[in-house]
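Residue numbers (this note's numbering): 29 to 273.
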């Protein structure tokens with residue numbers, strides 16, 4: 029089986045494997061390269077940086093197992109694990125802190141993500157052991173502004189929001205959400221069945237649907253706090269795709 033690489037992929041194949049157009053992928057590689065320290069003496073990586081980023085993006089987009097990724101890229105399973113363990117928190121750190129004009133409309137919503145690591149989860153409304161993660165989107169382009177850490181999936185959205193997101197988006201006066209956030213003073217909710225309000229709030233649901241095009245957010249296999257890094261890393265890829273559209 030011939031191994032996959034950036035050079036061997038066509039433009040359309042790169043989009044299918046990573047979810048990113050070429051411009052966004054090259055920008056991601058450049059931003060990761062700027063964060064990496066100077067190369068030191070010792071055993072070099074089995075793959076060049078662009079191929080390591082390709083492996084990470086492919087892992088999140090397709091949710092292949094480490095063994096399948098190892099066969100696909102022609103490397104060992106342990107090497108795949110080391111690449112993901114190194115790049116996931118690095119790319120997650122590229123998520124910009126929430127800013128923007130005060131007149132921008134933000135929309136907050138939560139989603140349940142099933143996890144294999146049952147020490148972090150609870151049985152949830154989707155009848156699976158999941159975690160609850162809150163996302164804040166900018167309504168005009170569905171850009172991710174903030175992502176919270178994972179909480180057990182049986183916690184209500186308002187509980188997770190108060191404990192995590194409220195500190196990340198302080199002072200923004202135009203943040204809307206559904207009825208689950210009615211007791212949060214930072215979030216504007218609809219008191220009546222307003223179609224205009226529902227249309228604006230649906231931007232968050234559309235954004236969550238685009239995030240879950242990355243299959244890793246539909247069934248996460250890695251243990252521990254890696255779900256926090258993975259959700260932010262996927263948000264970075266989502267934002268890059270918007271910026272380069």
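The beta carbon of each residue, even a glycine, is placed where N, CA and C say it ideally should be. Model, not experiment: these values are computed from the prediction.
Locate the alpha helix (DSSP H) running through residue 101, then write down its first and last residues. 94 to 101
**Prompt:** Near residue 43, what residues of its chain come up, given a Cβ to Cβ distance below 7 Å and the 5 sequence neighbours on each side ignored?
**Reply:** 49, listed in sequence order.
Item to complete: Can you tell me which of the three DSSP states residue 46 falls into?
Response: Here residue 46 sits in helix by DSSP.
Cα-Cα separation, residue 303 to residue 179: Residue 303 cannot be examined here, being either before or after the span of the chain that is shown, 29 to 273.
message = Pop quiz: residue 53 and residue 79 are said to be a contact at Cβ under 8 Å. What is the actual Cβ separation, rounded to whole angstroms?
response = Between residue 53 and residue 79, the beta carbon gap of about 11 Å keeps them out of contact (Cβ cut-off 8 Å).
| task | From the DSSP output, read off the bridge partner residues of residue 138. | result | 162
Checklist entry - To the nearest angstrom, how far is it from the Cα of residue 211 to the Cα of residue 117? => result 33 Å
Taking only three categories from DSSP, how would you classify residue 75? coil
**Request:** Please report the residue range of the beta strand (DSSP E) in which residue 114 lies.
**Result:** First-last for residue 114: 105 to 120, but that is the alpha helix (DSSP H), not the beta strand (DSSP E).
Worksheet item: Just reading off the beta strand (DSSP E) that residue 175 is part of, what are its end residues?
Response: 171 to 175
For this session: Just tell me which of 33, 55, 107 and 92 has its CA closest to the CA of residue 82.
Result: 33
(request) Would you mind sorting residue 146 into buried or exposed? The rule is 16 or more other CB atoms within 10 Å of its CB. (result) exposed
Does the beta-carbon distance from residue 141 to residue 257 come in below 7 Å? No, the Cβ-Cβ distance between residue 141 and residue 257 is not below 7 Å.
Worksheet item: Sorted by chain position, which residues of the same chain lie with C-beta nearer than 7 Å to residue 112's C-beta, five sequence neighbours on each side aside?
Response: 84 and 87.
Assuming contact is defined by CB atoms lying nearer than 7 Å, are residue 230 and residue 175 in contact in what I supplied?
Cβ distance not < 7 Å, so residue 230 and residue 175 don't count as in contact.
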